[in-house]
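K.L.:
My numbering puts the first residue of the sequence shown at 2, with every later residue one more than the last.
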Amino acid sequence: MIEKEGAIKVYSEVLGAKGAKARLVKVWPEGFYEVRLESGGRLFTTLLPVGTTVILAADPEPEVATLDVVER
């Protein structure tokens, strides 16, 4: 799960971003991600449309052990 102010990677055709480092600030009900995007060693706040933007957690989720046997 991506937490507020969590580190993310941004993929956006609008920005031409492919895995850009950022922090998620807020998801706006109007359909935008508010992010602090790192570019050229500086941080910029931007609104990115949810419909054309992919965000991924910067760190992968921990693996969860699965059970081989299902009790009924």
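Where a beta carbon is used, it is the ideal one built from N, C-alpha and C, also for glycine.
#1: Terminal residues of the continuous beta strand (DSSP E) containing residue 41?
#2: So, residue 53 versus residue 14, is the Cβ gap smaller than 8 angstroms?
#3: Can you tell me whether residue 65 is helix, strand or coil according to DSSP?
#4: Taking residue 32 as the reference, which of 25, 17, 49 has the closest Cα?
#5: Under 8 angstroms between the Cβ atoms of residue 18 and residue 28?
P.N.:
Result, derived from the coordinates:
#1: Here residue 41 corresponds to residue number 40 of the sequence shown, with the count starting at 1. In the DSSP annotation of this structure, residue 41 is not part of any beta strand (DSSP E), being labelled neither H nor E.
#2: Counting from 1 along the sequence shown, the entry for residue 53 is found at position 52. Counting from 1 along the sequence shown, the entry for residue 14 is found at position 13. In contact: residue 53 and residue 14 (Cβ atoms closer than 8 angstroms).
#3: Position 64 of the sequence shown, counted from the start, is the residue given in the question as residue 65. Coil.
#4: As a first step, residue 32 is located in the sequence shown; it is residue number 31 there, counting from the start. That would be 49, whose Cα lies nearest to the Cα of residue 32.
#5: For the purposes of this step, residue 18 is identified with residue 17 of the sequence shown, where counting begins at 1. For the purposes of this step, residue 28 is identified with residue 27 of the sequence shown, where counting begins at 1. No, the Cβ-Cβ distance between residue 18 and residue 28 is not below 8 angstroms.
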